[in-house]
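What follows is a single structure, written as structure tokens, with notes after it.
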Amino acid sequence: MKQHQDPILLRREMIRLESALAKLREQLSEIQKHCSHEFEETPLSRTCQKCLWTESLYY
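This note's numbering puts the first residue of the sequence shown at 9, with every later residue one more than the last.
The following block contains the structure:
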């Protein structure tokens, strides 16, 4: 990566990546909603081994 890239180009790339990230988050959320979870538990949390959904067991 060049040290002195055009700030406008950098900003456009950031916007593109943020949009792609939002779409991927939506896809992951849908997968997690419909997953038949298989949890692995630790003393503090449990995580589904199939979809990576995690919840805290510490209240």
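Just so it is clear, CB atoms sit at the ideal spot from N, CA and C, and this is done for glycine as well.
Does the beta-carbon distance from leucine 65 to glutamate 49 come in below 8 angstroms? Contact flag set, yes.
Nearest-angstrom beta carbon gap, cysteine 56 and histidine 45 [assumed within contact, 8 angstroms]: 4 angstroms
Rounded to a whole number of angstroms, what is the C-alpha to C-alpha distance between glutamate 21 and glutamate 63? 33 angstroms
Secondary structure at leucine 63, three-state DSSP: helix, strand or coil? Leucine is not the amino acid found at residue 63; the sequence shown has glutamate there. Secondary structure of glutamate 63 (DSSP, three-state): strand.
If you drop the 5 nearest sequence neighbours on each side, which residues of the same chain put their C-beta closer than 8 angstroms to that of serine 53? Thr62, Glu63, Ser64, Leu65, Tyr66
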